[in-house]
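Have a look at the structure below before the remarks.
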Amino acid sequence: LQSHAEAGTFPHLLLSGPPGCGKTTVVHCLARLHLGEHYHEGCIELNASDDRGIDVVREKIKGFAQQKVTLPEGKLKIIILDEADSMTGAAQQAMRRTMEIFSQTTRFALACNISSKLIEPIQSRGAILR
């Protein structure tokens, strides 16, 4: 993960495991390593258990993905979505489309307890780490 973060070659990530095992911490470390001093403008974290509907995907997630952010060449924006397995099916479908559209500029890092609760198209678009 460290070499991918430094090179900017990492895929979308899906981290699965029990609560408290460090999924979100790992993703934040990866984002800080990748973005360096641009971490605050190039990274956003949302907790899907708080905001799990399609409106959040349309407004916050897609809005951040569309937003123009000046990052050094080779750097990608990172969207961290904690408890992604609590998102509604409609929200997951909308997020899948956003992942496709903005894959050149944005990476998604999804942390969840049970990866099978995510729709298959999301699971197949990234590297699954358990």
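Taking our numbering, the leading residue of the sequence shown gets 586, the next gets one more, and so forth. Cβ coordinates follow ideal geometry from the N, Cα and C atoms, glycine included. Computed from a prediction, not measured in an experiment: that's the story for all the values here.
Hey, could you find the ends of the alpha helix (DSSP H) residue i is sitting in?
{"i": "Cys614", "result": "Lys608 to Leu620"}
{"i": "Ser671", "result": "Where Ser671 is concerned, there is no enclosing alpha helix (DSSP H), given that its DSSP letter is neither H nor E."}
{"i": "Gly627", "result": "Tyr624 to Gly627"}
{"i": "Gly602", "result": "From DSSP, Gly602 is part of no alpha helix (DSSP H); its letter is neither H nor E."}
Please state whether the Cβ-Cβ distance between residue i and residue j is less than 9 Å.
{"i": "Leu620", "j": "Ile663", "result": "yes"}
{"i": "Met672", "j": "Ala712", "result": "no"}
{"i": "Leu695", "j": "Leu703", "result": "yes"}
{"i": "Cys698", "j": "Gly638", "result": "It should be pointed out that residue 698 corresponds to Asn in this sequence rather than to Cys. Going by C-beta atoms, Asn698 is not nearer than 9 Å to Gly638."}
{"i": "Arg710", "j": "Met684", "result": "yes"}
Kindly list the residues whose CB is nearer than 7 Å to the CB of residue i, restricted to its own chain and excluding five residues on each side of it in sequence; keep chain order.
{"i": "Lys660", "result": "Gly593, His619, Leu620, His623 and Gly627"}
{"i": "Phe687", "result": "Ala650"}
Looking at the unbroken beta strand (DSSP E) that takes in residue i, where does it start and where does it end?
{"i": "Ser634", "result": "Unbroken run through Ser634: none, as it is neither H nor E."}
Here's a check: name, in chain order, each residue in its chain whose Cβ is nearer than 6 Å to the Cβ of residue i, leaving out the five neighbours to either side.
{"i": "Ile629", "result": "Phe649 and Ile664"}
Review point. Should the region 635-651 be called in touch with the region 598-614, which here means at least 3 C-beta pairs below 8 Å?
Key: No contact exists between the region 635-651 and the region 598-614.
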